[in-house]
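Step one of this worksheet: look at the structure below.
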Amino acid sequence: MAITREQLRERLGGLPRLQLAALPTPMEKLERLSAHVGGPDFWVKREDLTGVAMGGNKIREFEYQIAQAVERGCDVLLHAAAAQSNQSRQTAAVAAKLGLKAVMVGRRDAHATDQGNLLLTRLFGAEVHLPEVEEQSAAVAAKIEELARAGHKPFNTSSDARVFRAVAYVDGALELVAQCADAGIEPDAIYLCSGAYTHVGLVVALRALGIDWRVVGISPSPRDDVAAAEGHADLAAECAGVLGLELALAAGDFESYAGFVGPDYGVVTDESRAALELLAQQEGLLLDPSYTSKAMAGMLSHVRDGWWQKGQTLIFLHTGGTPALFAYAEDLGY
Ligand SMILES: *Cc1c(COP(=O)(O)O)cnc(C)c1O
12 MAITREQLRE RLGGLPRLQL AALPTPMEKL ERLSAHVGGP DFWVKREDLT
62 GVAMGGNKIR EFEYQIAQAV ERGCDVLLHA AAAQSNQSRQ TAAVAAKLGL
112 KAVMVGRRDA HATDQGNLLL TRLFGAEVHL PEVEEQSAAV AAKIEELARA
162 GHKPFNTSSD ARVFRAVAYV DGALELVAQC ADAGIEPDAI YLCSGAYTHV
212 GLVVALRALG IDWRVVGISP SPRDDVAAAE GHADLAAECA GVLGLELALA
262 AGDFESYAGF VGPDYGVVTD ESRAALELLA QQEGLLLDPS YTSKAMAGML
312 SHVRDGWWQK GQTLIFLHTG GTPALFAYAE DLGY
């Protein structure tokens, strides 16, 4: 039994939420891309324009997730990932905005230069650590222990209250559905770079509303597609539980492909560079080197392979990440 948009909005309305993002984010038609490819109509949902700290999907996710940190009385937001992590940048900015301490435990990887996201993370006042790659997990554990010993209450934005990141994209899906109605379009598919949370939130919302649009995820990291789908189904069950939705989603409801990653996470491929340049030069639209350029490469490859034709409509959900471009000039050949 599907529920209405109004009912779903009410469920979300009962949860703690911060006001961080500039919403609704725009939805734009990519007419020159459609003409260039000679294929379906393309639209882009600009989650790269969420406002705070040069935008990206974490700003929307943090409205619900970091509201939980505030509820718990946490005073430190911590994040540990790659040196050019978008989430570290967004964590540091939101901590600044909320008057909390930010700690980034990155790693001395190939892009640990003071450019792009790392520069911005420092600028937002985060305490930054860059241990060697193989020492990162020990460094994170040690840092969390040290903070606790000093009387702090750290909140790890990767793992704590993580389900609320998916919940935030249930809200994002309501926004998208309303925009599609306004624009008079019914997408045949939504493409996005699929870590987990944005993808799961979208699918939970669409299925709860009884909308059968296909959601196609493209992974930024090497992984097993079946195992990823199983993980997504578990997260979806948790998300549905938070919202009191009776939904039985299985691994088969989550479609994602790791075939466009190339050699590794964060490594530019010929296809991702071509996609980045195509969108920049046909539409004046910036993608990023690690996430959206690979997702775009995946979508364009599916179009070339005949998955989608003229007359159909695809929406590309742009999850952000563009500040990382400034640490990738060499990788991109400029
Ligand atoms: C973090 C990130 C993703 C994946 O986000 P999820 O929260 O797993 O949906 C995708 N694209 C960009 C640019 C990101 O920074």
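Residue numbers for the sequence shown follow the numbering used here, so the first one is 12 and each next one is one higher. The beta carbon of each residue, even a glycine, is placed where N, CA and C say it ideally should be. Values in this document were obtained by computation on a predicted structure and should not be read as measured data.
Residues of its chain near residue i, where Cβ-Cβ distance is below 6 Å and the 5 sequence neighbours each way are ignored
i: L298; result: L287, L290, S304, M307
i: L254; result: R22
i: E17; result: none
i: R346; result: Past the boundaries of the shown model lies residue 346; the chain is included only from 12 to 345, so the question cannot be answered.
i: G117; result: A94, L141
i: V24; result: Checking the sequence, you will find Gly at residue 24 rather than Val. Answer for G24: no residue qualifies.
i: A262; result: A240, E241, A244
i: V181; result: G212, V215, A216
i: H122; result: A94, Q95, A338
i: A172; result: Q76, Q79
i: K69; result: Q98, Q101
Residue i classed as buried or exposed, judged by whether at least 16 other C-beta atoms fall within 10 angstroms
i: Y345; result: exposed
i: K56; result: buried
i: K164; result: exposed
i: M310; result: buried
i: P274; result: exposed
i: L134; result: exposed
i: S283; result: buried
i: A10; result: Residue 10 cannot be examined here, being either before or after the span of the chain that is shown, 12 to 345.
i: E74; result: buried
i: A159; result: exposed
i: K154; result: buried
Closer than 7 Å: residue i CB and nearest ligand 1 heavy atom
i: H210; result: yes
i: A207; result: yes
i: N167; result: no
i: Y302; result: yes
i: K164; result: no
i: G67; result: yes
i: R176; result: yes
i: T36; result: no
i: T102; result: no
i: G183; result: no
i: N128; result: no
i: Q98; result: yes
i: E72; result: yes
i: C204; result: yes
i: D299; result: yes
i: T330; result: yes
Beta carbon of residue i nearer than 8 Å to that of residue j
i: V211; j: A247; result: yes
i: D199; j: W54; result: no
i: T168; j: Q76; result: yes
i: Y339; j: V278; result: no
i: P51; j: S45; result: yes
i: G66; j: G331; result: yes
i: T333; j: D59; result: yes
i: A106; j: L129; result: no
i: P27; j: A78; result: yes
i: Y208; j: A177; result: yes
i: V151; j: A104; result: no
i: V48; j: V314; result: yes
i: Q293; j: R119; result: no
i: P300; j: L328; result: no
i: E249; j: V174; result: yes
i: Y276; j: S232; result: yes
Contacts around residue i, its chain only, beta-carbon distance under 8 Å, and the 5 residues preceding and following it disregarded
i: A251; result: V215, A219, E257, L258, L260
i: K112; result: D86, V87, L88, A106, E138, H163
i: E143; result: R118, R119
i: M10; result: Only positions 12 to 345 of the chain appear in the structure, and residue 10 is not among them; the question remains open.
i: T15; result: L220
i: A335; result: Q95, N97, H122, G127, N128, D299, P300, S301
i: K108; result: L31, V63
Close beta carbons around residue i, own chain, < 7 Å, minus the five adjacent residues each side
i: S230; result: S205, A239, S267, Y268, A269, V272
i: R20; result: L185
i: E156; result: none
i: L41; result: F53, W54, V55, E294
8 Å Cβ cutoff, residue i in contact with chain D
i: P165; result: Going by chain labels, chain D is absent from the structure shown, which holds only one protein chain.
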